[in-house]
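Participant: Protein sequence lines correspond, in order, to chains A and B. Residues in the first sequence are numbered consecutively from 0, following numbering that gives the first Met the number 0. Residues in the second sequence are numbered consecutively from 0, following numbering that gives the first Met the number 0. Glycine included, every Cβ here is placed at the ideal spot set by N, Cα and C. Everything numeric in this text was worked out from a predicted model, so none of it was measured. Got a structure for you, written out below as structure tokens; questions coming shortly.
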Amino acid sequence: MKTTTHVDDTPAAHKAPAPQALCLRAVIQKELRRFFTDARMVIATVLMPGLLIYLLYSFMGSAISSNLTMESTYEPQMYAVNLPESLAAGFLQSGLEFTEISASEAEAVKEQIAAKLVDLLAVFPENFDESMTLLLSSEQGAVNNGEAVPETVPAAPGTVPEATPGTTTEAVPEVSLFYNSTRVESGAVYHQTQYLLDAYKETLRPVFTVNISGSAYDLASQEDTAGFLFASLLPMLLLVFLFSGCMAIAPESIAGEKERGTIATLLVTPLKRWELALGKIASLSLIALLSGASSFIGVMLALPNLLGVSAQEGTAEQGASTLVDASIYSAQDYFMLLAVILSTVLVFVGLISIISAFARTIKEANVLVMPLMIVVFLVGASAMFQTSSSAELVLHLIPVYNSVQCLVAIFGFSAEPLSIVLTVATNTALTGLCIVALTRMFESERVVFSK
Amino acid sequence: MSYAIEAHGLTKTFKASRKTGEEPRITSSHAAGGIITAVDNLSFSVEHGEIYGLLGPNGAGKTTTMRMLATLIKPSNGDATVLGHSIVEEPERVRASLGFLTSELKLEDFFTPSYLFDFFARLHRVDAAQAARQKQLLFSRLGIEDFANTKVSKLSTGMKQKTSIAVSLAHDPGLIIFDEPTNGLDILTARVVTDYLEELRHEGKTIVLSTHIFSLADKLCDRIGIIMDGQMVAEGTLASIGLGKPLEEAFFDLYEARQAEAVLV
């Protein structure tokens, strides 16, 4: 609280003493007004990141899914030579309808496959069913289940592990599946056909089977599966978005004021330097938080679109389609998340503000922030390779790293309140140091007037 | 407290390695050992209610002196009291009691003169009613009313300068420090500014201005101090410095005498 005891000869002596807090509030209000009344800035910093991320990730998700699966309405063009009766019904049941052709037409169909006009050609030996019945006594059937290049049929050695090598290979009937790996539909029906043939083979003469009954073998709960995914992806994404949010505003607000010469106008007023430093960091943090929140919401909304696909791929048999559901986290989890995010934003804003105060122009500030950005992104990326927070408590004293550890722990349901508290305390203390440093810098004529 | 400003041995040195466009011209005698002395042991006093002019060529140390008085930079040596407050010991008190104007203090493009005035009045801890009165007064006197709610980015240089003056006087300071008042102004705005400075003197304000324009010093100043290479070479009323000669003549006599001296040394 400062009482303005002005000298007698100035009319200023009549002014009422104003509480110290008013100056700080004026600075914060001005910063926020600068931001929120500027539609362009609000759109660019708050609306766009979330929207772009949502659209981009959703697009990526659907692009991946359309790459790996074919349209359900698509009717594949499939031909077969000597299609055995024993298999035709099974194929039809799975939606694979083969058009039978004669062996002499095979070459023409192969050309059409190469030209992506036809999806699959299956060539069975003549009298496949009879051979099977014969072979059942002592020998096994084989299919070319190697990743064969469609045009050439390799001998595929070693693809029939249960067969005794060298002895009966000549007698084993061979089924050839010709396809085109660069055509999504062709690849899909190839894998499906091959899967059915393998299954058929196993029913003919089972040595042993692995996971074919269709029941749920993966005993991970849906929560754990989601937690695992979140913990490996979100810390990195969060850090990147929060940092980008800070990057978008802090250099503009601090280096920008230096560049435009408006900071000197502030500094000739009785405004205390710490009020300016604190006011800047507080308002910038608030805006960065909004920007980060926007990005985060975008990610959360887009994740089902992005992950739904790859998750289904990985665990297709159990059909884990509901695994991306953010409601698995409790209110306490979200509270901890908020505390960690807030303290992380404070650290980012503090550090970028100091760098920006050193820089003479916005451009220079952006260049100088790069090394910090790389460190932050690398530390964030480290979360992708560890899905449970194993860090010792002491390591939570390291800024940025502690944030990543906490995020991994929170998303993985293993957050220790103590490490969260330590992280928030460390980050808050560091922000305090940043404010002190920034105050010193605003006091330094060398910093303020460097040009 | 007999003087509005009393400067005792104000000195400001910079490291020569820093390349800044604003620093004083380097002369051999002032750039010894990689240190540039921009202001060299400067002492002067300004009486209450007068217009005091610091006159000198570009690079003489005028701006550096003004900045030290406004506490934007700290003197390397010496001190000055501004309305009884030391610029070294009580910079915040000093800032609260003076208004500092220079074309280098820019206003944020995004805001309107009206908002900026209110904002700076708050920083000066002026209560709202007082600020509103002062705003009305300054805006009408300087002709800002017409564009009070137009963003600064859309204003002409003259309009910006007027706004800058109004904003710097939001707290109705008793002492005004004005670095190069008419620099970069169109002739109409320059006239408004010089007229306004005279009016402020009539109101009993103390004004310190720096200039390299003789006519301006001639017209406005009660007393002037002539500085060259950071040193005060003459101080007094226009009459006492000129000794009957026009100010410009007197200045160049001093300048040539100094050059001759430098050659001898």
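Would a check of beta-carbon distances place residue 370 of chain A closer than 7 Å to chain B?
Facilitator: It does not: the Cβ of residue 370 of chain A has no partner Cβ on chain B nearer than 7 Å.
Participant: For residue 179 of chain B, which of helix, strand or coil comes out of DSSP?
Facilitator: Coil, per DSSP.
Participant: Using 10 angstroms around the beta-carbon of residue 224 of chain A, count the other beta-carbons present and answer buried if the total reaches 16, otherwise exposed.
Facilitator: Residue 224 of chain A is buried by the Cβ-count criterion.
Participant: Alpha carbon to alpha carbon, how far is residue 75 of chain A from residue 96 of chain A?
Facilitator: Roughly 8 Å between the two C-alpha positions.
Participant: Is the number of C-beta pairs between the region 106-117 of chain B and the region 144-155 of chain B that are closer than 8 Å three or more?
Facilitator: Flag = yes, the region 106-117 of chain B and the region 144-155 of chain B touch.
Participant: Take residue 342 of chain A as the anchor and find which of A:410, A:437, A:245, A:260 has the nearest alpha-carbon.
Facilitator: Of A:410, A:437, A:245, A:260, the residue nearest in Cα terms is A:245.
Participant: Does the distance from the CB of residue 392 of chain A to the CB of residue 418 of chain A come in under 7 Å?
Facilitator: In this structure, residue 418 of chain A lies closer than 7 Å to residue 392 of chain A by Cβ.
Participant: Does residue 69 of chain B have its Cβ less than 7 Å from a Cβ in chain A?
Facilitator: Yes, because at least one Cβ of chain A sits closer than 7 Å to the Cβ of residue 69 of chain B.
Participant: Opposite residue 85 of chain B in the DSSP bridges: which residues?
Facilitator: Its beta-bridge partners are B:80.
Participant: Counting only runs that start and end within the region 180-257 of chain B, where is the beta strand (DSSP E) found for 3 or more residues in a row?
Facilitator: As far as the region 180-257 of chain B is concerned, its whole beta strand (DSSP E) runs of at least 3 residues are 205-210, 222-227, 230-236.
Participant: When the Cα atoms are used, what is the spatial distance from residue 208 of chain B to residue 251 of chain B?
Facilitator: Spanning the two alpha carbons is a distance of roughly 20 Å.
Participant: Let me see if you follow: with CB-CB separation under 7 Å, is residue 109 of chain B close to chain A or not?
Facilitator: At least one chain A Cβ lies under 7 Å of residue 109 of chain B.
Participant: From the DSSP output, in three-state form, read off residue 104 of chain B for me.
Facilitator: Three-state result, residue 104 of chain B: coil.
Participant: Kindly indicate the opening and closing residues of the alpha helix (DSSP H) around residue 252 of chain A.
Facilitator: Residues 221-259.
Participant: Return the residues of the region 257-270 of chain A that lie within a Cβ-Cβ distance of less than 8 Å from chain B, sorted by chain order.
Facilitator: If the cut-off is 8 Å between Cβ atoms, the region 257-270 of chain A has 259, 260, 261, 263, 264, 265, 266, 267, 268, 269, 270 near chain B.
Participant: For the region 190-217 of chain B, enumerate the residues whose C-beta is nearer than 7 Å to any C-beta of chain A, in chain order.
Facilitator: Here the close residues number zero.
Participant: Find the nearest neighbour of residue 364 of chain A within the set A:279, A:253, A:271, A:425, judged by alpha-carbon distance.
Facilitator: That would be A:253, whose Cα lies nearest to the Cα of residue 364 of chain A.
Participant: Compute the Euclidean distance between the alpha carbons of residue 426 of chain A and residue 294 of chain A, then round it to the nearest angstrom.
Facilitator: Taking the straight line joining both Cα atoms gives about 22 Å.
Participant: Quick one: what does DSSP say residue 142 of chain A is sitting in, helix, strand or coil?
Facilitator: Its pLDDT being 45, under 50, residue 142 of chain A is placed unreliably by the model, and the measurement read from it follows with that caveat. DSSP places residue 142 of chain A in strand when its eight states are reduced to three.
Participant: Tell me which same chain residues have a C-beta within less than 8 Å of the C-beta of residue 84 of chain B, skipping the five on either side of it?
Facilitator: Hits under 8 Å: 92, 93, 96.
Participant: Within the continuous alpha helix (DSSP H) that includes residue 128 of chain A, where are the two ends?
Facilitator: 127-134 is the extent of the alpha helix (DSSP H) around residue 128 of chain A.
Participant: Taking the beta strand (DSSP E) that residue 163 of chain B belongs to, which residues open and close that run?
Facilitator: It is not in any beta strand (DSSP E) - residue 163 of chain B instead sits in the alpha helix (DSSP H) that spans 156-167.
Participant: Rounded to the nearest angstrom, what separates residue 235 of chain B and residue 248 of chain B at their Cα positions?
Facilitator: Approximately 16 Å, taken between the alpha carbons.
Participant: Relative to the C-alpha of residue 353 of chain A, which residue among A:236, A:379, A:447 is closest?
Facilitator: For the residues A:236, A:379, A:447, the minimum Cα distance to residue 353 of chain A belongs to A:447.
Participant: Count the C-beta pairs between the region 371-382 of chain A and the region 392-401 of chain A that are closer than 8 Å, then say yes if the count reaches three, no if not.
Facilitator: With the cut-off at 8 Å, the region 371-382 of chain A and the region 392-401 of chain A touch.
Participant: Give a yes or no on whether the C-beta atoms belonging to residue 65 of chain B and residue 9 of chain B are separated by under 7 Å.
Facilitator: No, they are not a contact pair.
Participant: Beta carbons nearer than 7 Å to chain A: which residues of the region 121-145 of chain B have them?
Facilitator: Those would be 121, 122, 123, 124, 125, 126, 129, in chain order.
Participant: For residue 115 of chain A, which three-state DSSP category applies?
Facilitator: In the structure shown, residue 115 of chain A sits in coil (DSSP, three-state: anything other than H, G, I, E or B).
Participant: In chain B, which residues lie less than 9 Å from residue 444 of chain A when you measure between Cβ atoms?
Facilitator: Those are 66, 71, 72, 73, listed as they occur along chain B.
Participant: Using DSSP with H/G/I as helix, E/B as strand and the rest coil, what is residue 278 of chain A?
Facilitator: Here residue 278 of chain A sits in helix by DSSP.
Participant: Using CA atoms only, rank isn't needed, just tell me which of A:185, A:129, A:180, A:88 is closest to residue 118 of chain A.
Facilitator: Checking every option, the nearest Cα to that of residue 118 of chain A belongs to A:185.
Participant: Between the Cα of residue 78 of chain A and those of A:84, A:59, A:109, spot the shortest distance and give me the residue it belongs to.
Facilitator: The candidate whose alpha carbon is nearest that of residue 78 of chain A is A:109.
Participant: Using a C-beta to C-beta distance shorter than 8 Å, which residues of chain B count as neighbours of residue 37 of chain A?
Facilitator: What residue 37 of chain A touches in chain B: 109.
Participant: Going by beta carbon distance, what residues of the same chain come within less than 6 Å of residue 336 of chain A, once the five residues before and after it are set aside?
Facilitator: Excluding sequence neighbours, residue 336 of chain A sits near 409.
Participant: Tell me the residue span of the alpha helix (DSSP H) that contains residue 11 of chain B.
Facilitator: That residue, residue 11 of chain B, is in no alpha helix (DSSP H); its beta strand (DSSP E) goes 2-14.
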